[in-house]
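Enquirer:
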Amino acid sequence: MSFRLSRQQKNMIFAAVLLLPVFIIMMLTIISPLISAISLSFSDYSLMSPDRSWNSFGNYIELLRSSEFYHSLKITLTYVGTTVVIDLLLGLLMAVLLNRNIRMRRFLRSIFMIPWAIPTIVTALIFLWIYQPDYGVLNYMLTSLGIMDTNISWLQSMDWALAAIIVVAVFRQTPLVCVMLLAGLQNISASLYEAAKIDGASGWKLFLHVTLPLLKPVISSVTLIMIVNNFQMFTLFFTLTNGGPAGSTSSLAILTYETAFSKYELGKGSAIGVIWLALLFVFSVLFTRYMNRNSEH
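Numbered according to our numbering, the sequence shown terminates at residue 1186, and the numbering increases by one at each position without gaps.
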């Protein structure tokens, strides 16, 4: 008795064979470590001791009662909120300018992408030199212009350290936001602007009633991407301040690292990571539902 497969069954088997390597890689690099981290978060485990004991929700209860955790959460939310808002405003402004028929438009687009092309660690090291209190470029320029009388230790100041990190993040991320919004602007038909002009709209009204509504799906996607990326930002915080001075830039990423690898409390460090993941997941779901609901009206 011969066994024959239909064309659809063959296509399904072929698709499964193609997807199998991707599934295996995802299991090894994402799903398996995630399950391991969640399991570890419910245990009392330290690198200083080989013993691992189940402590149920002990790590979570301890974290939720810790002022240090809420301090890091506040710093993270402040950093993310400020950075994303500035990124969107500057990125939209640059995208609108580059979407116009100006001279050297292609060259400017290429130049604006340079900060994003530079690796994050390299950007952080460059700004370490720029922020250097004694011979840094920033202090030299500000004192030469008469804006300041004395040098400021930007990364060692509790008042300026977080703002200095935000400036670096904005410098590197705004070009990406600009390119994504520019792609959205170029998909808006010119006939819509012409029809609006016939109805008497011009300048600011065109932007508010034509550009923004049609750009809204792109803005929502860019916003979500930037929030997720900045929420898990570690490189800038670790390289520029390492959470200092006096914990004034200790984000959730820094707190997780210090708890797990400086204090050797892997269980508690995993618990911070799980809470961190849960916050991002809940926010992403709520944000997506809210934007989809608004787009339907």
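The C-beta atom is built at its ideal place from N, Cα and C for all residues, glycine as well.
Check the DSSP bridge columns for Glu1147 and list the partner residues they point to.
Expert: As a working note, residue 1147 is residue 258 in the sequence shown. None, per the DSSP bridge assignment.
Enquirer: For my contact list, Ile1054 and Leu1129 are in at a C-beta cut-off of 8 Å; report their separation, rounded to the angstrom.
Expert: Numbered from 1 along the sequence shown, position 165 holds the residue referred to as residue 1054. Numbered from 1 along the sequence shown, position 240 holds the residue referred to as residue 1129. The pair is a contact, with the Cβ atoms about 6 Å apart (cut-off 8 Å).
Enquirer: Is there contact between the stretch 1075-1092 and the stretch 1122-1139, where contact requires at least three CB pairs shorter than 8 Å?
Expert: Result no; under three Cβ-Cβ pairs closer than 8 Å.
Enquirer: If you follow the alpha helix (DSSP H) that Pro922 is part of, which residue opens it and which one closes it?
Expert: Start at 1 with the first residue of the sequence shown, and residue 922 comes out as number 33. Element bounds for Pro922: Ser921 to Ser930.
Enquirer: Determine the DSSP secondary structure at Ser938, reduced to helix, strand or coil.
Expert: On the sequence shown, residue 938 is found 49 positions in, with the first residue counted as 1. Reduced to three states, the DSSP call for Ser938 is strand.
Enquirer: Do Gly1132 and Ser1140 have their beta-carbon atoms positioned less than 9 Å apart in this structure?
Expert: The residue you call residue 1140 lines up with position 251 of the sequence shown. The residue you call residue 1132 lines up with position 243 of the sequence shown. Yes, Cβ-Cβ distance for Ser1140 and Gly1132 is below 9 Å.
Enquirer: Under three-state DSSP, which class holds Asp1048?
Expert: If you number the sequence shown from 1, residue 1048 lands on position 159. In the structure shown, Asp1048 sits in coil (DSSP, three-state: anything other than H, G, I, E or B).
Enquirer: Between the stretch 955-963 and the stretch 1172-1180, do three or more beta carbon pairs fall short of 8 Å?
Expert: Too few Cβ pairs lie closer than 8 Å, so no.
Enquirer: Here's the rule: buried if 16 or more other CB atoms are within 10 angstroms of the residue's CB, otherwise exposed. What is Tyr1146?
Expert: The residue labelled residue 1146 in the question sits at position 257 within the sequence shown. When all chains shown are included, Tyr1146 counts as buried.
Enquirer: So, are the CB atoms of Asp976 and Ala1058 less than 9 Å apart?
Expert: Here the question's residue 976 lines up with position 87 in the sequence shown. Here the question's residue 1058 lines up with position 169 in the sequence shown. Yes, these two residues count as a Cβ contact at 9 Å.
Enquirer: Does DSSP put Asp976 in a helix, a strand or coil?
Expert: Against the sequence shown, residue 976 aligns to sequence position 87. In the structure shown, Asp976 sits in a helix (DSSP, three-state: H, G or I).
Enquirer: Is the separation between the beta-carbon of Asn988 and that of Leu1081 shorter than 9 Å?
Expert: Here the question's residue 988 lines up with position 99 in the sequence shown. Here the question's residue 1081 lines up with position 192 in the sequence shown. No, the Cβ-Cβ distance between Asn988 and Leu1081 is not below 9 Å.
Enquirer: Let's test the definition: count the other Cβ atoms within 10 Å of the Cβ of Val973 and tell me whether it reaches 16, buried, or not, exposed.
Expert: Here residue 973 is taken as the residue at index 84 of the sequence shown, counted from 1. Buried: at least 16 other Cβ atoms inside 10 Å.
Enquirer: Considering only C-alpha positions, which residue in the set Leu1104, Ile1114, Ile1143 and Phe958 is nearest to Leu981?
Expert: If you number the sequence shown from 1, residue 981 lands on position 92. Among Leu1104, Ile1114, Ile1143 and Phe958, the Cα nearest to that of Leu981 belongs to Leu1104.
Enquirer: Relative to the C-alpha of Ala1050, which candidate in Thr967, Leu908, Asp1038 and Leu986 has its C-alpha closest?
Expert: In the sequence shown, residue 1050 corresponds to position 161, counting from 1. Ranking the options by Cα distance to Ala1050, first place goes to Thr967.
Enquirer: Please say whether Met993 and Pro1064 have beta carbons closer to each other than 9 Å?
Expert: As a first step, residue 1064 is located in the sequence shown; it is residue number 175 there, counting from the start. As a first step, residue 993 is located in the sequence shown; it is residue number 104 there, counting from the start. Not a contact, by the Cβ cut-off of 9 Å.
Enquirer: Where does Met890 fall in DSSP's three states?
Expert: Locating residue 890 in the sequence shown gives position 1, where the first residue counts as 1. For Met890, the predicted structure reports a pLDDT of 48, less than 50, and the residue's modelled location is therefore unreliable. A value from the coordinates is still provided. Coil, per DSSP.
Enquirer: What is the rounded straight-line gap between the Cα of Ala1167 and the Cα of Gln1121?
Expert: Working through the sequence shown from its first residue, we reach residue 1167 at position 278. Working through the sequence shown from its first residue, we reach residue 1121 at position 232. Rounded to the nearest angstrom, the two C-alpha atoms are 13 Å apart.
Enquirer: Between which two residues does the alpha helix (DSSP H) carrying Leu1103 extend?
Expert: By one-based count along the sequence shown, residue 1103 stands at place 214. Looking at the DSSP string, the run of the alpha helix (DSSP H) that includes Leu1103 is Leu1101 to Phe1120.
Enquirer: Do you know how far the Cα of Gly1073 is from the Cα of Phe1176?
Expert: The residue labelled residue 1176 in the question sits at position 287 within the sequence shown. The residue labelled residue 1073 in the question sits at position 184 within the sequence shown. Looking at the two C-alpha atoms, the distance is approximately 20 Å.
Enquirer: Have a look at Ile920 and Pro1022 and give me their C-alpha separation to the nearest angstrom.
Expert: Translated into positions along the sequence shown, residue 920 becomes position 31. Translated into positions along the sequence shown, residue 1022 becomes position 133. In a straight line, the C-alpha of Ile920 is about 44 Å away from that of Pro1022.
Enquirer: Rounding to the nearest angstrom, what Cα-Cα distance links Val911 and Val1171 in this structure?
Expert: Walking along the sequence shown from the start, residue 911 turns up at place 22. Walking along the sequence shown from the start, residue 1171 turns up at place 282. Going from the Cα of Val911 to the Cα of Val1171 covers about 26 Å.
Enquirer: Would you kindly work out how many angstroms separate the C-alpha atoms of Val1099 and Ala1013, rounded to a whole number?
Expert: Looking up residue 1099 in the sequence shown gives position 210. Looking up residue 1013 in the sequence shown gives position 124. If you take the alpha carbons of Val1099 and Ala1013, they lie about 39 Å apart.
Enquirer: Quick check on this structure: which residue in Asn944, Thr1009, Val1068 and Asp1038 has the alpha carbon closest to the alpha carbon of Leu997?
Expert: The residue you call residue 997 lines up with position 108 of the sequence shown. The residue with the shortest Cα to Cα distance from Leu997 is Val1068.
Enquirer: Spatial neighbours of Met890 within its chain, please: C-beta separation below 8 Å, excluding the five flanking residues on both sides.
Expert: Sequence index remark: in the sequence shown, residue 890 carries index 1 (1-based). Confidence at Met890 is low in this model, with a pLDDT of 48, below 50, so the placement of that residue should be treated as unreliable; the coordinate-derived value is given next. Result list for Met890: empty, nothing under 8 Å.
Enquirer: Whole angstroms is fine: what's the gap from Val906's alpha carbon to Pro1008's?
Expert: Locating residue 906 in the sequence shown gives position 17, counting from the first residue. Locating residue 1008 in the sequence shown gives position 119, counting from the first residue. Rounded to whole angstroms, Val906 to Pro1008 spans 35 Å at the Cα level.
Enquirer: Cα separation between Ser1173 and Leu1113?
Expert: Translated into positions along the sequence shown, residue 1173 becomes position 284. Translated into positions along the sequence shown, residue 1113 becomes position 224. Approximately 7 Å between the Cα atoms of the pair.
Enquirer: Express the C-alpha separation of Leu1101 and Arg896 in angstroms, rounding to a whole number.
Expert: On the sequence shown, position 7 is the one that residue 896 refers to. On the sequence shown, position 212 is the one that residue 1101 refers to. If you take the alpha carbons of Arg896 and Leu1101, they lie about 47 Å apart.
Enquirer: May I have a chain-ordered list of the beta strand (DSSP E) segments no shorter than 3 residues that lie completely inside the stretch 1014-1084?
Expert: Fully enclosed beta strand (DSSP E) runs of 3 or longer: not present.
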